[in-house]
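**Q** A single structure is presented below for examination.
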Amino acid sequence: HIPLSGRNPALREALGIRPHVLVLNKMDLADPRRQPVSAGPGRAAGGAAVTGAASLSTEWQPCPRSLQVVPMLARLVADSPRYHRAESSEHDVLVIGVPNAGKSSLINSLRRLHLQRGKATAVGGEPGITKAVLSRIQVCEKPLMYLVDSPGVLPPRLGDVETGMKLALCGAIHDHLVGEDVMADYLLYTLNKQQQFGYVQRYGLGQACDHIETLLKHVALAQGRTQKVTVLTGTGNVNMMMLNYPAAAYQFLRDFRAGRLGRVTLD
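Under this note's numbering, the final residue of the sequence shown carries the number 679; numbering is consecutive throughout.
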């Protein structure tokens with residue numbers, strides 16, 4: 413969703429001349445019409461090697477681009493003379509990035525691909541699953557390579573509000589810190605701006621709409637998001653069923669993150 417906003421400038425500066433690979437993860441959720449950078453292996457700004465990794469989620473499916481990650485890492489280290497000081501031929505690689513970018517899923521996927529072994533680090537659909545730098549996890553035998561999982565890191569200050577909203581929509585920031593209603597409103601604006609109208613069919617709307625209240629009403633009706641409330645009247649308390657708009661907003665965000673509204677690139 414966010415190949416540009418999802419990069420932490422502080423991490424990019426800290427890497428310096430160290431060999432590193434930029435993995436554009438979750439390509440199965442990105443708009444195929446807006447993937448010029450992730451079309452194949454190459455070089456990004458700053459000299460980082462670039463590769464794409466499609467569908468590296470919990471239900472990951474092997475794909476040719478996943479096969480490029482380990483050989484690319486080995487080649488980068490081999491081509492860097494200052495890293496030829498150790499006698500050992502094993503590779504230790506730290507996996508870093510913003511929260512909920514799929515770092516743990518990438519490690520598990522490479523481990524399953526090259527070693528045919530189960531997952532070695534916990535994954536989840538929200539930020540903060542990995543809370544500390546973990547021990548080395550072997551992902552390949554030839555070459556002998558270990559990856560180290562790490563917690564997601566955001567810059568101390570975000571460049572602008574729009575970048576923050578994009579990060580929040582992709583789960584890099586906890587929903588309650590921004591507000592599901594605010595995020596849903598921005599998501600609707602972005603979908604309409606990009607003419608991504610998959611939500612119209614999913615929620616049974618007659619046409620695209622600009623008002624988040626109208627959309628959330630249809631989401632609540634389509635998904636059965638209701639709540640029981642007690643209304644005080646002159647004759648006593650009356651229980652009524654009302655539409656649960658916060659739950660509808662949360663469902664709207666979940667559908668977007670799962671790709672049920674279509675393939676969208678926010679940047």
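Even glycine gets a Cβ: it sits at the ideal position worked out from N, Cα and C.
Which of the three DSSP states is assigned to Gly648 in this structure?
**A** Here Gly648 sits in strand by DSSP.
**Q** Out of Val641, Lys578 and Asp593, state which residue places its alpha-carbon closest to the alpha-carbon of Met652.
**A** Per the Cα distances, Val641.
**Q** Does the separation of the CB atoms of Leu506 and Val481 fall below 8 Å?
**A** Not in contact: Leu506 and Val481 (Cβ atoms no closer than 8 Å).
**Q** Within a Cβ cutoff of 8 Å, which residues of the same chain sit near Leu579, ignoring the five residues on either side of it in sequence?
**A** Result list for Leu579: Ile414, Ser417, Gly418, Val510, Leu566, Leu570 and Ile585, in chain order.
**Q** Roughly how many angstroms lie between the CA atoms of Ile519 and Gln550, to the nearest whole one?
**A** Rounded to the nearest angstrom, the two C-alpha atoms are 9 Å apart.
**Q** Could you check if Ala422 is buried or exposed, using at least 16 other CB atoms within 10 Å of its CB as the buried criterion?
**A** With fewer than 16 Cβ atoms within 10 Å of its Cβ, Ala422 is classed as exposed.
**Q** Take the Cβ of Lys605 as the centre, count every other Cβ of all protein chains shown within 10 Å, and call the residue buried at 16 or more, exposed below.
**A** Classification for Lys605: exposed.
**Q** DSSP three-state label for Asn420, please.
**A** Residue state, collapsed to three classes: coil.
**Q** Measuring CB atoms only, is the region 431-438 touching the region 481-492, in the sense that at least three cross pairs come out at less than 8 Å?
**A** Verdict: yes, contact present.
**Q** In this structure, does DSSP put Gln613 in helix, strand or coil?
**A** Reduced to three states, the DSSP call for Gln613 is helix.
**Q** Ordered along the chain, which non-local residues of its own chain (more than five positions away) have a Cβ less than 6 Å from that of Phe370?
**A** Residue 370 is absent from the model: the chain starts at 413 and stops at 679.
**Q** Do you know offhand how far Pro568's Cα is from Asn420's?
**A** Taking the straight line joining both Cα atoms gives about 10 Å.
**Q** Going by the CB atoms, is the gap between Ala634 and Asn656 shorter than 8 Å?
**A** Contact: no.
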